[in-house]
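Student: Under full-length UniProt numbering, the sequence shown has 19 at position 19, and the numbering climbs by one with no breaks.
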Amino acid sequence: MSLTPSPRYDLWSPVSDQLLESTAHFLDGLPFARSTRASLFQFVKSVVYRGRVNSFVLASALVYLERLTGSGKLPLLQATSKELVFLACLLVASKYLDDRALTVSKVVGITRDRWTRSETSRLAWDLFSHLNYKLGVSLEELNRFLPTK
């Protein structure tokens, strides 16, 4: 009798365009070098799809961004762009919530080496400390960003 492994099912499903658009809109309001909303949307969509990020991780990343902007700590991050701040939030949310978390190397590859591993990793650690290591996200916080049906 031969044992064959059961097929592996991929439970990832695409993130809605509404959530991607909300993310681009939120990033557009950050006080960094100007990027067009269209380019932010394409960047977010590319990273989310190529990284196979789910809606809960993306919404949690937005909660972290909201916490930073609300606390006035966003300027303390040594970030050079809106996109890099987004990547740091996405990395931290992914590592906290997803068993198949994004890695710094994967993110650097997805963005085609636009930022170095050390730059991306350093910003993720800075973000983690500026959030006072509080990564838990309530359902109420998530619902502010998740699209309603």
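Just so it is clear, CB atoms sit at the ideal spot from N, CA and C, and this is done for glycine as well.
Decide if Tyr64 is buried, meaning its Cβ has at least 16 other Cβ atoms within 10 Å, or exposed.
Tutor: Stepping through the sequence shown from its first residue, residue 64 is reached at position 64. Buried, by the Cβ-count rule.
Student: Can you tell me where the alpha helix (DSSP H) with Gly29 in it begins and where it stops?
Tutor: Numbered from 1 along the sequence shown, position 29 holds the residue referred to as residue 29. No alpha helix (DSSP H) contains Gly29, which DSSP labels as neither H nor E.
Student: Specify, as a first and last residue, the run of the alpha helix (DSSP H) that Val85 falls within.
Tutor: Translated into positions along the sequence shown, residue 85 becomes position 85. 82–97 is the span of the alpha helix (DSSP H), which, as asked, contains Val85.
Student: I'd like to know if the region 24–33 and the region 53–60 are in contact, where contact means that at least 3 CB-CB pairs between them fall below 8 Å.
Tutor: These segments do not touch.
Student: Measure the C-alpha to C-alpha separation of Ser39 and Tyr133 and round it to an integer number of angstroms.
Tutor: Here residue 39 refers to the residue found at position 39 when the sequence shown is read from its first residue. Here residue 133 refers to the residue found at position 133 when the sequence shown is read from its first residue. C-alpha separation (whole angstroms): 31 Å.
Student: So, helix, strand or coil for Arg117, using DSSP?
Tutor: Taking the sequence shown and counting its residues from 1, one reaches residue 117 at position 117. In this structure, Arg117 counts as helix in the three-state DSSP scheme.
Student: Is DSSP giving Phe145 helix, strand or coil here?
Tutor: Start at 1 with the first residue of the sequence shown, and residue 145 comes out as number 145. Coil.
Student: Quick check on Leu135: does DSSP put it in helix, strand or coil?
Tutor: In the sequence shown, counting from the first residue as 1, residue 135 sits at position 135. Note: Leu135 maps to coil in three-state DSSP.
Student: Can you tell me whether Pro5 is helix, strand or coil according to DSSP?
Tutor: Your numbering for residue 5 matches position 5 in the sequence shown. Since pLDDT at Pro5 reaches only 41, below the 50 mark, its modelled position is unreliable, and the value read off the structure follows with that caveat. Reduced to three states, the DSSP call for Pro5 is coil.
Student: Measuring alpha carbon to alpha carbon, tell me which of Leu87, His25, Phe145, Arg37 ends up nearest Trp124.
Tutor: On the sequence shown, position 124 is the one that residue 124 refers to. Correcting the residue identity first, residue 124 is Ala in this sequence and not Trp. Checked all of Leu87, His25, Phe145, Arg37; the closest Cα to Ala124 is Leu87.
Student: Would you report the Cα separation of Arg37 and Ser16, rounded to the nearest angstrom?
Tutor: Walking along the sequence shown from the start, residue 37 turns up at place 37. Walking along the sequence shown from the start, residue 16 turns up at place 16. One C-alpha to the other measures close to 17 Å.
Student: With a cut-off of 8 Å on the beta carbons, I'd call Ala59 and Cys89 a contact; round off their distance for me.
Tutor: Within the sequence shown, residue 59 is the residue found at index 59, counting from 1. Within the sequence shown, residue 89 is the residue found at index 89, counting from 1. The pair is not a contact, with the Cβ atoms about 11 Å apart (cut-off 8 Å).
Student: Just the Cα atoms here: how many angstroms apart are Val44 and His25?
Tutor: The count along the sequence shown starts at 1 and reaches residue 44 at position 44. The count along the sequence shown starts at 1 and reaches residue 25 at position 25. Straight-line Cα distance between these residues: approximately 11 Å.
Student: When the Cα atoms are used, what is the spatial distance from Thr116 to Val108?
Tutor: Residue numbering aside, residue 116 sits at position 116 when the sequence shown is read from its first letter. Residue numbering aside, residue 108 sits at position 108 when the sequence shown is read from its first letter. Cα to Cα, the separation comes out at about 7 Å.
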